[in-house]
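J.: Here the sequence shown is numbered in this note's numbering, starting from 93 and rising by one per residue. Glycine included, each C-beta is placed from N, C-alpha and C at the ideal position. Let me begin by handing over the structure; questions about it come next.
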Amino acid sequence: MAIMSLVKERFSCIIEIHMAYDKSQKKKKSENISDWYNDIVVRADLADYSPVKGCMVIKPYGYGIWELLQAAMDPLIKEKGVRNGYFPIFIPISLLNKEKSHVEGFSPELAIVTHGGGEELSEPLAVRPTSETIMYEMYKKWVQSWRDLPLLINQWNNVVRWEKRTYLFLRTTEFLWQEGHTAHATHEEAWDFVLWAANMYRGIYRDYFAIPGFVGKKSESEKFAGAVTTLSFEAMMPDGKALQNCTSHDLGQNFSKAFDISFQNKDSKKEYVWQTSWGFSTRSIGALVLAHGDDKGLRLPPKLAPIQVIILPVQPDDSKQLTRSNELATELSSAGIRAEVDGREDETLGFRINKWEVKGVPIRVEVGPKEIESGSYLLVRRDTFEKFNSKNITKDVSKALASIQSNLLAQAEENLKKLTSEINNFKEFEEIMRTKKGFIRAFWCEDKACEESIKGKTKAGTRCLLLDEKEEKGKCVYCGNEAKHKWIFAQAY
Ligand SMILES: [Zn+2]
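Below, the structure is given as structure tokens:
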């Protein structure tokens, strides 16, 4: 016994030393992107691991990014005539079972509630993995005549999909998103919505996240369970892996027939509605971290940065410096710039600089004795570490913020270009997937078994068929059979 406890004591001591050592070692993005990612998400205060395995806690700094995204996207959704509502988190199993391919697709990742109020439920309830079924049971009631259409509802909520391997933001058992669900009298009108949502997402990614990418159609095996067609936005991360960020589905009449959502048309004949659903999730924050971060930490695009400017008095215990810092923050705030002062006296200037670099705040302003005297302040850009002095701080900060936003997009565009290859033979395909990875554009026969073989050999699956891809005559890059289109392939997160 004595020996055992001695071993345990020794062992725990070794673990502690190791952990302390580990903490002091900064992870480098350029060396191991996945270790770097896990480390930086926690160190930058975006999120933390929770006591529930696979679920994360989004901390205020991370949630601030989500709020800015909501503030940008919600008006666009409303402009299109869609209104926000809210539906229950619990879905009776019988509802999920109504659309066969939908329930088959989601069954493996369902969380099921069997007891409530101390009693076994007469019917188990699934915690929503997505809300098609619970919403459409209501749509059936609400749609009677052509006058009730289109029915356009969005909800901002959480969903649960039981995941075995999880990654903060990128893959968690519970995540936040918006899900839009529309019902229309004609397929054309529904398809217009599917395209609108996909393009709206692409615009948000480009203009706010500074992340370019491809919008295209998913293959039969990759489309949403229950959809006729799924469009997705695919972005390329710096390590050569693709990240699917949001999807927009043409549900056809699959759900309206299963749920009997029908209406009397103008000729008093019964018709089933045409439906769409589209979602954008907190996964996007993971994309933001991966796309723009560097060895020092995050680099947030100004439009999504909860704090755009951090003002640091060099000596916070100097009342002149602290007062001037607060005045500058007020001046910037009144111009609509999100600015804060960090005047912690127990932290050195170097420590505070490092802290805000990790958090990716786009601009740092330093206020020291020199600055007080000259009225010219030191500005430092987080994206380039470029330093300059400014006497007209509001004007120069505004200009620098716009420049950082476009610089990050330009860098991501460069990365996308560098990591997109057009090829004709499978040897080259394998070689690229062994080395730089990225997107490959190549002819594919659209056969499921062929798709699986390619994935088995290279870990790269089909990502999408570009929306504007024209029909051509070609040979499948893998099996050599006839192919009509070039598809986009990549390994994925
Ligand atoms: Zn093939």
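1. For residue 573, verify whether its CB is less than 7 Å away from any heavy atom of ligand 1.
2. Going along the chain, which residues of its own chain have a beta-carbon closer than 6 Å to the beta-carbon of residue 255, five neighbours each way excluded?
3. Does the stretch 155-165 come close enough to the stretch 357-370 to have 3 or more Cβ pairs within less than 8 Å?
4. Just the C-alpha distance for residue 423 and residue 486, rounded to the nearest angstrom, thanks.
5. For residue 507, is the classification buried or exposed, using 16 other Cβ atoms within 10 angstroms of its Cβ as the cut-off for buried?
6. Alpha carbon to alpha carbon, how far is residue 412 from residue 421?
7. What does a CB cutoff of less than 6 Å around residue 566 pick up in its chain, not counting 5 residues either side in sequence?
8. Is any heavy atom of ligand 1 found at a distance shorter than 7 Å from the C-beta of residue 579?
9. By the 10 Å Cβ neighbour count, where 16 or more other Cβ atoms means buried, how is residue 228 classified, buried or exposed?
10. Just to confirm my understanding: we take residue 492, look at its own chain, exclude 5 residues before and 5 after, and list those with CB closer than 7 Å. What are they?
11. Considering only the alpha carbon of each residue, which of 329, 357 and 443 lies closest to residue 377?
12. Closer than 7 Å: is that where the CB of residue 147 sits relative to any heavy atom of ligand 1?
13. Tell me, which residues are paired with residue 286 by DSSP?
14. What number of angstroms, rounded off, separates the C-alpha of residue 555 from the C-alpha of residue 341?
15. Measuring straight from C-alpha to C-alpha, what distance separates residue 288 and residue 244?
16. Classify residue 533 as helix, strand or coil using the three-state DSSP reduction.
17. Using the Cα positions of residue 280 and residue 347, report the straight-line distance between them to the nearest angstrom.
18. Looking only at C-alpha atoms, which of 550, 568, 224 and 577 sits nearest to residue 562?
19. For ligand 1, I want to know if residue 556 counts as a neighbour, meaning its beta carbon is within less than 7 Å of at least one of the ligand's heavy atoms.
20. Between the Cα of residue 553 and those of 449, 583, 452 and 186, spot the shortest distance and give me the residue it belongs to.
21. Out of curiosity, what's the CA-to-CA distance linking residue 307 and residue 325?
22. Please say whether residue 302 and residue 393 have beta carbons closer to each other than 8 Å?
23. Which whole runs of the beta strand (DSSP E) in the stretch 394-474 are 3 residues long or more, in chain order?
24. Check whether the Cβ atoms of residue 585 and residue 333 lie closer than 8 Å to each other.
25. If we require 3 or more residues per run, which beta strand (DSSP E) segments fall completely within the stretch 170-225?
26. Just to confirm my understanding: we take residue 41, look at its own chain, exclude 5 residues before and 5 after, and list those with CB closer than 7 Å. What are they?
27. Pull the bridge partners of residue 323 from the DSSP assignment, please.
28. Report yes or no: do three or more beta-carbon pairs, one from the stretch 514-530 and one from the stretch 424-441, lie closer than 8 Å?
29. Taking the beta strand (DSSP E) that residue 329 belongs to, which residues open and close that run?
30. In chain order, what residues of the same chain lie with their CB nearer than 8 Å to the CB of residue 114, ignoring the 5 residues before and after it?
31. Express the C-alpha separation of residue 180 and residue 238 in angstroms, rounding to a whole number.
32. Can you tell me which of the three DSSP states residue 497 falls into?
33. Give me whichever residues DSSP pairs with residue 580 in a beta bridge.
34. If I measure Cβ to Cβ from residue 182 and keep anything under 6 Å in the same chain, skipping five residues before and after, which residues do I get?
35. Helix, strand or coil: which one does DSSP assign to residue 115?
36. Since residue 500 and residue 373 are thought to touch, with beta carbons under 8 Å apart, how far apart are those beta carbons, to the nearest angstrom?
T.: Short version:
1. Here the question's residue 573 lines up with position 481 in the sequence shown. Correct: residue 573 has its Cβ closer than 7 Å to ligand 1.
2. Here the question's residue 255 lines up with position 163 in the sequence shown. Once the five neighbours on either side are set aside, the close Cβ partners of residue 255 are 146, 263 and 265.
3. no
4. Counted from its first residue, the sequence shown places residue 423 at position 331. Counted from its first residue, the sequence shown places residue 486 at position 394. Cα to Cα, the separation comes out at about 7 Å.
5. By one-based count along the sequence shown, residue 507 stands at place 415. So residue 507 ends up on the buried side.
6. As a first step, residue 412 is located in the sequence shown; it is residue number 320 there, counting from the start. As a first step, residue 421 is located in the sequence shown; it is residue number 329 there, counting from the start. Distance between the alpha carbons of residue 412 and residue 421 is about 14 Å.
7. As a working note, residue 566 is residue 474 in the sequence shown. The residues are 535 and 575.
8. The residue you call residue 579 lines up with position 487 of the sequence shown. No.
9. Your numbering for residue 228 matches position 136 in the sequence shown. When all chains shown are included, residue 228 counts as buried.
10. By 1-based counting over the sequence shown, the position of residue 492 is 400. Taken in chain order, the residues that qualify are 455, 471 and 473.
11. On the sequence shown, position 285 is the one that residue 377 refers to. It is 329 whose Cα lies nearest to the Cα of residue 377.
12. Stepping through the sequence shown from its first residue, residue 147 is reached at position 55. Not so, every heavy atom of ligand 1 lies at least 7 Å from the Cβ.
13. Here residue 286 is taken as the residue at index 194 of the sequence shown, counted from 1. BP columns for residue 286 are empty, so no partner.
14. To locate residue 555, count along the sequence shown from 1; it is residue 463. To locate residue 341, count along the sequence shown from 1; it is residue 249. Straight-line Cα distance between these residues: approximately 15 Å.
15. Reading the sequence shown from its first residue, position 196 is the one you call residue 288. Reading the sequence shown from its first residue, position 152 is the one you call residue 244. Each residue's Cα considered, the two are about 13 Å apart.
16. Sequence index remark: in the sequence shown, residue 533 carries index 441 (1-based). Strand, per DSSP.
17. As a first step, residue 280 is located in the sequence shown; it is residue number 188 there, counting from the start. As a first step, residue 347 is located in the sequence shown; it is residue number 255 there, counting from the start. When rounded, the distance between both Cα atoms is 17 Å.
18. Stepping through the sequence shown from its first residue, residue 562 is reached at position 470. When only C-alpha atoms are compared, the closest one is 577.
19. Along the sequence shown, one-based indexing puts residue 556 at 464. No, the Cβ of residue 556 stays beyond 7 Å of every heavy atom of ligand 1.
20. As a position in the sequence shown, residue 553 is number 461, starting the count at 1. For residue 553, the nearest C-alpha among the options comes from 583.
21. Against the sequence shown, residue 307 aligns to sequence position 215. Against the sequence shown, residue 325 aligns to sequence position 233. Between residue 307 and residue 325, the C-alpha separation is close to 5 Å.
22. For the purposes of this step, residue 393 is identified with residue 301 of the sequence shown, where counting begins at 1. For the purposes of this step, residue 302 is identified with residue 210 of the sequence shown, where counting begins at 1. Cβ distance < 8 Å, so residue 393 and residue 302 count as in contact.
23. 401-405, 431-433, 455-459 and 469-473
24. As a first step, residue 585 must be located in the sequence shown, where it is residue number 493. As a first step, residue 333 must be located in the sequence shown, where it is residue number 241. Yes, the Cβ-Cβ distance between residue 585 and residue 333 is below 8 Å.
25. 182-184, 203-208 and 211-219
26. Here the chain covers residues 93 to 585 and nothing more, so residue 41 does not appear.
27. Position 231 of the sequence shown holds residue 323. According to DSSP, which records beta bridges pairwise, residue 323 is partnered with 309 and 340.
28. no
29. Here residue 329 is taken as the residue at index 237 of the sequence shown, counted from 1. Taken as a continuous stretch (DSSP letters only), residue 329 belongs to no beta strand (DSSP E), as it is neither H nor E.
30. The residue you call residue 114 lines up with position 22 of the sequence shown. At residue 114, the pLDDT of 43 sits below 50, so the modelled position is not reliable; the number obtained from the coordinates is stated separately. So the list is empty, once near-sequence residues are dropped.
31. Locating residue 238 in the sequence shown gives position 146, where the first residue counts as 1. Locating residue 180 in the sequence shown gives position 88, where the first residue counts as 1. Distance between the alpha carbons of residue 238 and residue 180: 27 Å.
32. Reading the sequence shown from its first residue, position 405 is the one you call residue 497. In the structure shown, residue 497 sits in a helix (DSSP, three-state: H, G or I).
33. Locating residue 580 in the sequence shown gives position 488, where the first residue counts as 1. 533 and 556.
34. Within the sequence shown, residue 182 is the residue found at index 90, counting from 1. Closer than 6 Å at the Cβ level, and outside the excluded window around residue 182, lie 217.
35. For the purposes of this step, residue 115 is taken as residue 23 along the sequence shown, with counting starting at 1. Residue confidence is low: residue 115 scores 46 on pLDDT, short of 50, so the model does not pin down where it sits. No coordinate-derived value is stated.
36. Reading the sequence shown from its first residue, position 408 is the one you call residue 500. Reading the sequence shown from its first residue, position 281 is the one you call residue 373. That pair is no contact at about 21 Å.
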